[in-house]
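Reviewing the structure listed below.
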Amino acid sequence: MVLKIFFPQCCNKADSGLLVGRWIPGQNSAVVLAVIHYPFIPGQVKQYIHQMRGQSGVDLTVLGSWSMPKEGQEGMESFLRDLSTIFPQGQWLQLSREMGKIGFRCHVLTRDQNGKLVQQEKELKEDGEGKKGGKGGEGKKGGKEGEGKRGGEKKEENKAEGEKGGGEKDKVIFIHYEQRKVMLSQLHPIENGVPDPQTESQLPQVFGTVCQSEPLFFLDKYDDSPVKLTHWQSEGREGSIIVELMKQASTPVCLLTTWILTLWTSLCSSRILNVRPMRFISSKLSTCVQLSYRTEHLQTVCSPTRATAHNHFMRKANIFVSFFVDVSLGLLLVSWMYRENRIGKLANTLVPAADHVAKELEELLQWLMGAPAGLKMNRALDQVLGRFFLYHIHLWISYIHLMSPFVEMILWYVGLSACLGLTFALSLLSDITSLLTFHIYCFYVYGARLYCMTVYGLSSLWRLFRGKKWNVLRQRVDSCSYDLDQLFIGTLLFTILLFLLPTTALYYLVFTLLRLVVVLFQGVVHLSVDFINSFPLFAMGLRLFRSYRLAEGVKFRVLCEEPGTPLHLMMDINPLKVSSVVQTYRTPTYSCYPKDSWLALCKKLFLGELIYPWKHKTTKID
760 MVLKIFFPQC
770 CNKADSGLLV
780 GRWIPGQNSA
790 VVLAVIHYPF
800 IPGQVKQYIH
810 QMRGQSGVDL
820 TVLGSWSMPK
830 EGQEGMESFL
840 RDLSTIFPQG
850 QWLQLSREMG
860 KIGFRCHVLT
870 RDQNGKLVQQ
880 EKELKEDGEG
890 KKGGKGGEGK
900 KGGKEGEGKR
910 GGEKKEENKA
920 EGEKGGGEKD
930 KVIFIHYEQR
940 KVMLSQLHPI
950 ENGVPDPQTE
960 SQLPQVFGTV
970 CQSEPLFFLD
980 KYDDSPVKLT
990 HWQSEGREGS
1000 IIVELMKQAS
1010 TPVCLLTTWI
1020 LTLWTSLCSS
1030 RILNVRPMRF
1040 ISSKLSTCVQ
1050 LSYRTEHLQT
1060 VCSPTRATAH
1070 NHFMRKANIF
1080 VSFFVDVSLG
1090 LLLVSWMYRE
1100 NRIGKLANTL
1110 VPAADHVAKE
1120 LEELLQWLMG
1130 APAGLKMNRA
1140 LDQVLGRFFL
1150 YHIHLWISYI
1160 HLMSPFVEMI
1170 LWYVGLSACL
1180 GLTFALSLLS
1190 DITSLLTFHI
1200 YCFYVYGARL
1210 YCMTVYGLSS
1220 LWRLFRGKKW
1230 NVLRQRVDSC
1240 SYDLDQLFIG
1250 TLLFTILLFL
1260 LPTTALYYLV
1270 FTLLRLVVVL
1280 FQGVVHLSVD
1290 FINSFPLFAM
1300 GLRLFRSYRL
1310 AEGVKFRVLC
1320 EEPGTPLHLM
1330 MDINPLKVSS
1340 VVQTYRTPTY
1350 SCYPKDSWLA
1360 LCKKLFLGEL
1370 IYPWKHKTTK
1380 ID
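Numbering-wise (my numbering), the sequence shown opens with residue 760 and increments by one.
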């Protein structure tokens, strides 16, 4: 049987005292958490451990004794061993250092059936600094003690009590760990690989024991307490005055923000804003969707409920950092826009750009109304469609010139929205792009509807030639008999639609390409907004600067391995992979586009079905 002792590195040079920790249930393992210094009163130690057990919820106990050699304390080891009668345990660990040596010895005292302590000899030399320890003495059987010299150095020979028959001794492994890193880290399940089930079930208990024992680490040497301990915070509690002041100031700020958000939510849920046209328009505008999204984020961050679970805390932290970075980038954008009259320059450039786009569209329509690429078009339909679209361009240019005196003022007030964050500015840019290219969207809809009617008409008439029809109730193609008049009229309609198809297909192709350019630009803007909203900046910062906070597992390296000495391992933390960090802590967001595959998208484009690049609030992805 292997006894594993998890020993903190901060206790390697602690003064003599008692080992406080926990025995892992179901495992032959012990986790040492702290060392209580001598002098102490056993009654006060029991009271303190009982108090810490209630605060942390961990079954803390006295694991054994720790002896650090000092002048005037020669009998300390035997004194600490006798304390096992005051703190009765099934096993009592007795660790002690040797004078002039780096290593320390370990004896395990177990209780027999009569309740008496029986010493099983496990003399273990350990290098607390990561160096090799000296060789341990060999125990002699039969209850005899002697002294011998080997190489001019004096060795101690310990006697083993109660050992008869030459049975095999238990093996002990010391696993050293950095207490601060283990306490602050969060162990994640391993996604790839097949871990050892025994180790996998033991590690979460070790990490949980150290993490839940946080109240034990609040006591440092500056506290007026009768009990003095050595742990990772024994030299002074780790903290920051700025962080504590921010914690104190966050409470009234969160209450005020929650009150403002409550008023805003009640205003948005009023009947005036919930009529069908207003609800439809607000669901299609990117700015309104982003506003509701940020409102939900602020409600999560400013919630008075304390984040107890790790996932809840990481979600709050990621949202807060994302909101802070978003507002900072927005303020930088505002400071850049309102400097050197850039708003006026943008307004003076916008109207000529719209005129240039309209002129290019007119030239494109004139090209389509002729013989584009040498194709023979249906002249009557070509002229009708060309004049129809030219009239729409004329209306759009008139609307732009009518709004031109107010463009600068509109841009000036719109630019202030960037104070709410860069995502608001990008959402407004997407909505303004939709308004400025509304005529292109209308052209696309007209061409798509006309092309779709032509394609579906040809497919229906093709089934008529084959004696088939589409069964609407059963959603399948059935056989059908047609008379001569139906076949004659079907032939005429099929011929007309077939000869008109090149003209409608060409107009549909041109305006679909223009629409796809606009959709591609809006898609890049929406992806940028979703990236800022959902990217786990806080978790990524922890992964880059404090990788031990997000642990995927542990790895062990050998500190000392010599014949006759125990195996000493150092437990290092394996950080979580960057891809796993993004996948685990990515904030849920709303998809920018319908989740269609490339095959479905190509099918829609071929059949002339409309592609809506609107946000769908019902489609929430993680």
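Here a beta-carbon is modelled for each residue, glycine too, at the ideal position from N, C-alpha and C.
Since this is a predicted model, take the numbers as computed values, not measurements.
Measuring alpha carbon to alpha carbon, tell me which residue in the options is nearest residue i.
i, options, result
"Gln964", "Ala1130, Ala1298, Leu975, Leu946", "Leu946"
"Tyr1241", "Gln1234, Arg1233, Thr1250, Arg1235", "Thr1250"
"Cys1178", "Arg1208, Leu1088, Tyr1266, Arg1222", "Leu1088"
"Thr1067", "Ala1112, Ser1028, Cys970", "Cys970"
"Leu1395", "Lys940, Val1283, Ser1045, Arg1074", "Past the edges of the chain, shown from 760 to 1381, lies residue 1395, and the structure says nothing about it."
"Val817", "Pro784, Asp841, Gly823, Pro801", "Pro784"
"His935", "Phe1258, Asp1331, Arg856", "Asp1331"
"Leu1243", "Leu1223, Trp1229, Thr1108", "Leu1223"
"Cys1061", "Thr1021, Ser1042, Cys1047", "Thr1021"
"Gln803", "Pro985, Pro948, Phe977", "Pro985"
"Ala1298", "Gln1049, Ile1019, Asn1100, Ser1338", "Ser1338"
"Ser788", "Ala773, Leu868, Phe765", "Phe765"
"Val1018", "Ala1076, Thr1054, Ala1132", "Reading off the sequence, residue 1018 comes out as Trp, not Val. Residue Thr1054 is the option with its Cα nearest to Trp1018."
Please report the residue range of the alpha helix (DSSP H) in which residue i lies.
i, result
"Met1299", "1296-1304"
"Ile1191", "1181-1195"
"Ile932", "No alpha helix (DSSP H) holds Ile932; the beta strand (DSSP E) holding it covers 930-936."
"His1285", "1243-1293"
"Gly823", "Taken as a continuous stretch (DSSP letters only), Gly823 belongs to no alpha helix (DSSP H), being part of the beta strand (DSSP E) at 820-826."
"Ile1102", "1101-1127"
"Ile845", "It is not in any alpha helix (DSSP H) - Ile845 carries neither H nor E in the DSSP assignment."
"Val1340", "1337-1344"
"Val1048", "1045-1060"
"Gly1174", "1166-1175"
Put residue i into one of helix, strand or coil per three-state DSSP.
i, result
"Asn1033", "helix"
"Gly1312", "strand"
"Val790", "strand"
"Lys899", "No answer about Lys899 holds up, because its pLDDT of 35 lies below 50 and its placement is not dependable."
"Glu916", "The predicted position of Glu916 is uncertain, since its pLDDT is 37 and thus under 50; a value taken from the coordinates is nonetheless stated next. In the structure shown, Glu916 sits in coil (DSSP, three-state: anything other than H, G, I, E or B)."
"His1153", "helix"
"Leu778", "strand"
"Asp1237", "strand"
"Phe799", "coil"
"Asn771", "coil"
"Leu1091", "helix"
"Cys1399", "For residue 1399 there is no data in the structure shown, the boundaries of the chain being 760 and 1381."
"Val1231", "coil"
"Leu946", "strand"
"Leu1318", "strand"
"Tyr981", "coil"
"Tyr1097", "coil"
"Glu1003", "helix"
"Glu994", "coil"
"Ile1065", "Position check: residue 1065 holds Arg in this sequence, whereas Ile was assumed. If DSSP states are grouped into helix, strand and coil, Arg1065 belongs with coil."
"Asn1137", "coil"
"Ile1199", "helix"
"Pro728", "The structure shown does not extend to residue 728, since the chain is modelled only from 760 through 1381, so no value can be given for it."
"Ser972", "coil"
If I measure Cβ to Cβ from residue i and keep anything under 8 Å in the same chain, skipping five residues before and after, which residues do I get?
i, result
"Leu1252", "Gly1216, Leu1220"
"Leu757", "Look at the range of the chain in this structure, 760 to 1381, and you will see that residue 757 is not part of it."
"Gln768", "Gly887, His935, Tyr936, Glu937, Gln938"
"Trp1095", "Arg1101"
Could you name the residues of the same chain whose beta carbon sits closer than 7 Å to that of residue i, not counting the 5 residues immediately before and after it, in chain order?
i, result
"His1069", "Gln945"
"Gly995", "Asp979, Tyr981"
"Pro974", "Met811, Gln814, Ser815"
"Ile932", "Val761, Lys763, Pro1325, Leu1326, Leu1328"
"Gly1367", "Ala1207, Tyr1210, Cys1211, Val1214, Tyr1267"
"Ala1113", "Ile1159, Leu1195"
"Asp1085", "Gly1180, Leu1181, Thr1182, Ile1291"
"Thr1377", "For Thr1377, the predicted model reports a pLDDT of 42, less than 50, meaning its position is unreliable and no value from the coordinates is stated."
When DSSP builds the beta bridges, which residues end up paired with residue i?
i, result
"Trp851", "Leu868"
"Leu762", "Val931"
"Leu988", "Ile795"
Which residues in the same chain as residue i place their Cβ atom closer than 6 Å to its Cβ, once the five residues preceding and following it in sequence are excluded?
i, result
"Gln848", "none"
"Glu888", "Residue confidence is low: Glu888 scores 43 on pLDDT, short of 50, so the model does not pin down where it sits. No coordinate-derived value is stated."
"Arg909", "Confidence in Arg909 is poor, its pLDDT being 36 and thus under 50, which makes the residue's placement unreliable; the coordinate value appears in the next sentence. Closer than 6 Å at the Cβ level, and outside the excluded window around Arg909, lies no residue."
Which residue comes first and which comes last in the beta strand (DSSP E) that contains residue i?
i, result
"Ile753", "Beyond the ends of the chain as shown, which are 760 and 1381, falls residue 753; an answer cannot be given."
"Leu1358", "Counting along the chain, Leu1358 falls outside any beta strand (DSSP E), though it belongs to the alpha helix (DSSP H) covering 1357-1366."
Comparing the C-beta of residue i with each C-beta of chain C, is any distance below 8 Å?
i, result
"Glu997", "In the structure shown, chain C does not exist; there is a single protein chain."
Give a single yes or no on whether residue i has its beta carbon closer than 7 Å to a heavy atom of the ligand SAM.
i, result
"Ile1248", "The model on display carries no ligand, and the ligand SAM is accordingly not part of it."
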